[in-house]
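> Sharing a structure here in structure tokens format.
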Amino acid sequence: MMRKLITAAAQMGPIAKLETRADTVGRLLEMMREAKGRGCELVVFTELALTTFFPRWMIEDEAELDSYYETEMPSAATQPLFDEAKKLGIGFYLGYAELRVENGVKRRFNTSILVNQKAQIISTYRKVHLPGHSEPQPGRDFQHLEKRYFEPGDLGFPVVKGFGGNMGMAICNDRRWPETYRVMGLQDVEMVMLGYNTPFGHVGEQAMDSLTLFHNHLSMQAGAYQNATWVVGTAKCGNEEGSKMGGQSVIIAPSGEIVAQAVTVEDEVITAACDLDLGKRYKETVFDFAAHRRPEHYGLIVERTGAIPPKS
Ligand code: CDV
Numbered sequence: 001m002m003r004k005l006i007t008a009a010a011q012m013g014p015i016a017k018l019e020t021r022a023d024t025v026g027r028l029l030e031m032m033r034e035a036k037g038r039g040c041e042l043v044v045f046t047e048l049a050l051t052t053f054f055p056r057w058m059i060e061d062e063a064e065l066d067s068y069y070e071t072e073m074p075s076a077a078t079q080p081l082f083d084e085a086k087k088l089g090i091g092f093y094l095g096y097a098e099l100r101v102e103n104g105v106k107r108r109f110n111t112s113i114l115v116n117q118k119a120q121i122i123s124t125y126r127k128v129h130l131p132g133h134s135e136p137q138p139g140r141d142f143q144h145l146e147k148r149y150f151e152p153g154d155l156g157f158p159v160v161k162g163f164g165g166n167m168g169m170a171i172c173n174d175r176r177w178p179e180t181y182r183v184m185g186l187q188d189v190e191m192v193m194l195g196y197n198t199p200f201g202h203v204g205e206q207a208m209d210s211l212t213l214f215h216n217h218l219s220m221q222a223g224a225y226q227n228a229t230w231v232v233g234t235a236k237c238g239n240e241e242g243s244k245m246g247g248q249s250v251i252i253a254p255s256g257e258i259v260a261q262a263v264t265v266e267d268e269v270i271t272a273a274c275d276l277d278l279g280k281r282y283k284e285t286v287f288d289f290a291a292h293r294r295p296e297h298y299g300l301i302v303e304r305t306g307a308i309p310p311k312s
């Protein structure tokens with residue numbers, strides 16, 4: 001029996017600093033309609049899909065910084081996405097900057113939501129692995145100040161029932177960490193959705209920069225295979241305000257094979273018919289965790305705390 005979920009990754013080209021939310025949401029709506037036209041029940045948008053990638057700049061004016069965040073979801077600007085999703089009967093993953101005020105204190109997260117075909121938010125995730133710095137670094141054309149503008153997510157990596165399967169989310173840098181997939185793999189995840197903004201030149205080492213696209217796929221394909229799950233990775237890409245970002249959005253099967261890949265660095269919809277039962281082939285054989293995974297032999301301290309003890 002097949003549990004087929006026709007899924008789209010809606011890659012996004014650059015968003016200019018002055019592009020309005022209405023314009024950006026208009027681009028997302030167009031891709032949502034294209035995905036539905038191709039029979040999709042789910043469309044995965046990217047990380048921080050509503051604005052330019054603002055952590056590349058040091059922003060000292062608080063009102064200006066706040067203007068990049070959503071204080072509610074849906075907001076007036078994003079309501080059309082929910083309305084269209086309901087009308088079309090399609091779900092979506094959306095990344096955005098979240099600003100909450102708790103006891104008079106502002107809290108900022110790099111967040112994604114999963115919305116079902118009835119336009120209900122069924123899961124919220126807040127990015128755990130925040131790359132970059134909290135202070136501007138000298139000698140850089142572009143900063144990467146995610147550590148300044150966000151705090152690490154406080155919701156873990158939830159896996160929820162939806163779209164006929166077990167659905168999980170991650171955001172950008174999370175995809176490089178095996179823990180991301182494994183924490184969801186241990187919850188029997190069947191599809192991990194993630195968006196990313198990956199600027200070239202971030203590391204500052206030419207030899208590593210030339211491997212940016214390779215490492216992008218390497219980490220997602222390994223995560224998919226080792227946890228027997230689909231992975232949908234959606235880029236924001238192209239030349240955004242002078243910062244060049246990688247594309248190659250992908251849909252990856254539990255075998256680790258790429259089954260769909262974007263070929264532009266612009267708005268582009270790619271799709272695949274994802275059989276959510278495909279992971280069973282691996283979960284019942286080579287990656288049968290109960291039969292073969294041996295945490296009790298990994299070392300007690302690692303298992304209890306996640307920490308590797310220093311060698312004495
Ligand atoms: N938005 C990101 O998390 N970007 C990081 C870059 C800075 C390395 C990434 O892992 O793609």
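Under the numbering used here, the residues of the sequence shown are numbered 1 to 312, in order.
Quick reminder that beta carbons are idealized off the backbone N, C-alpha and C, glycines included.
Computed from a predicted model, the values in this text were never measured in an experiment.
1) Would you list the one or two residues that DSSP bridges to N166?
2) Along the chain, which unbroken stretches of the beta strand (DSSP E) at least 3 residues long are found entirely within the segment 91-152?
3) Which ranges does the beta strand (DSSP E) cover as unbroken runs of at least 3 residues, wholly within the segment 229-271, from first to last along the chain?
4) Tell me the residue span of the beta strand (DSSP E) that contains N173.
5) What are the residues that DSSP puts in a beta bridge with Y196?
6) Measuring alpha carbon to alpha carbon, tell me which residue in T198, E266, F150 is nearest G246.
7) Run the CB neighbour count on M208, radius 10 Å, all protein chains shown included, and call it buried at 16 or more, exposed below.
8) Could you round the C-beta distance between T7 and V160 to whole angstroms and report it? I think they count as a contact, below 8 angstroms.
9) Opposite E70 in the DSSP bridges: which residues?
10) Out of G13, A35, T180, point me to the one whose CA is closest to G238's CA.
11) Under a Cβ-count criterion, where at least 16 other Cβ atoms within 10 Å of its own Cβ denotes burial, should N103 be classed as buried or exposed?
12) To test your reading of the DSSP string, which unbroken beta strand (DSSP E) runs of 3 or more residues are found completely within the segment 28-89?
13) What's the gap between the Cα of G26 and the Cα of D83?
14) With DSSP as the reference, label D275 as helix, strand or coil.
15) Please list, in chain order, all residues of the same chain as Y181 whose beta carbon is under 6 angstroms from its beta carbon, the five residues on each side excluded.
16) Taking Cβ to Cβ, would you say T271 is nearer than 8 angstroms to A35?
17) What separation, rounded to the nearest whole angstrom, lies between the Cα atoms of A253 and K4?
18) Going by DSSP, what residue range makes up the alpha helix (DSSP H) through K280?
19) What number of angstroms, rounded off, separates the C-alpha of G37 from the C-alpha of V44?
20) Which of helix, strand or coil does DSSP assign to A16?
21) Leaving out five residues before and five after E268 in sequence, what residues of the same chain have Cβ atoms less than 7 angstroms from its Cβ?
22) Relative to the alpha-carbon of L276, which residue among G242, R108, G165 has its alpha-carbon at the smallest distance?
23) Given that a residue counts as buried once 16 or more other Cβ atoms are within 10 Å of its Cβ, and exposed if not, what is Y298?
In this structure, then:
1) To locate residue 166, count along the sequence shown from 1; it is residue 166. Looking at the DSSP output, N166 sits in a beta bridge with K161.
2) Runs found: 91-102, 105-115, 121-126.
3) Runs of the beta strand (DSSP E) inside the segment 229-271: 230-236, 238-240, 243-245, 250-252, 258-261.
4) One-based indexing of the sequence shown puts residue 173 at position 173. Counting along the chain, N173 sits inside no beta strand (DSSP E), nor does DSSP assign it H or E at all.
5) Locating residue 196 in the sequence shown gives position 196, where the first residue counts as 1. Paired residue(s): A235.
6) By one-based count along the sequence shown, residue 246 stands at place 246. Per the C-alpha coordinates, the member of T198, E266, F150 positioned closest to G246 is T198.
7) For this step, residue 208 is matched to residue 208 along the sequence shown. Exposed, because fewer than 16 other Cβ atoms sit within 10 Å of the Cβ of M208.
8) Translated into positions along the sequence shown, residue 7 becomes position 7. Translated into positions along the sequence shown, residue 160 becomes position 160. About 16 angstroms separates the beta carbon of T7 from that of V160, a gap too long to meet the 8 angstroms contact definition.
9) Taking the sequence shown and counting its residues from 1, one reaches residue 70 at position 70. DSSP output for E70 lists E98 as bridge partner(s).
10) Walking along the sequence shown from the start, residue 238 turns up at place 238. Nearest C-alpha to G238: G13.
11) As a working note, residue 103 is residue 103 in the sequence shown. By the neighbour-count rule (16 or more Cβ atoms within 10 Å), N103 is not buried but exposed.
12) Annotation note: the segment 28-89 contains the following uninterrupted beta strand (DSSP E) runs of length 3 or greater, listed N- to C-terminal: 42-44.
13) Position 26 of the sequence shown, counted from the start, is the residue given in the question as residue 26. Position 83 of the sequence shown, counted from the start, is the residue given in the question as residue 83. The straight-line gap separating the alpha-carbon atoms of G26 and D83 is approximately 13 angstroms.
14) The count along the sequence shown starts at 1 and reaches residue 275 at position 275. Strand, per DSSP.
15) Stepping through the sequence shown from its first residue, residue 181 is reached at position 181. So the list reads G223, N227, once near-sequence residues are dropped.
16) Taking the first residue of the sequence shown as 1, we reach residue 271 at position 271. Taking the first residue of the sequence shown as 1, we reach residue 35 at position 35. Cβ distance < 8 angstroms, so T271 and A35 count as in contact.
17) Taking the first residue of the sequence shown as position 1, residue 253 is located at position 253. Taking the first residue of the sequence shown as position 1, residue 4 is located at position 4. Whole-angstrom Cα-Cα distance: 12 angstroms.
18) Here residue 280 refers to the residue found at position 280 of the sequence shown. Looking at the DSSP string, the run of the alpha helix (DSSP H) that includes K280 is 280-283.
19) Against the sequence shown, residue 37 aligns to sequence position 37. Against the sequence shown, residue 44 aligns to sequence position 44. Each residue's alpha carbon lies about 15 angstroms from the other.
20) As a working mapping, residue 16 is identified with position 16 in the sequence shown. In the displayed model, A16 falls within coil according to three-state DSSP, outside both helix and strand.
21) In the sequence shown, counting from the first residue as 1, residue 268 sits at position 268. Cβ neighbours of E268 beyond the five flanking positions: Q11, A262.
22) Walking along the sequence shown from the start, residue 276 turns up at place 276. Of the candidates G242, R108, G165, the one whose C-alpha sits nearest the C-alpha of L276 is G165.
23) Here residue 298 corresponds to residue number 298 of the sequence shown, with the count starting at 1. Y298 is exposed by the Cβ-count criterion.
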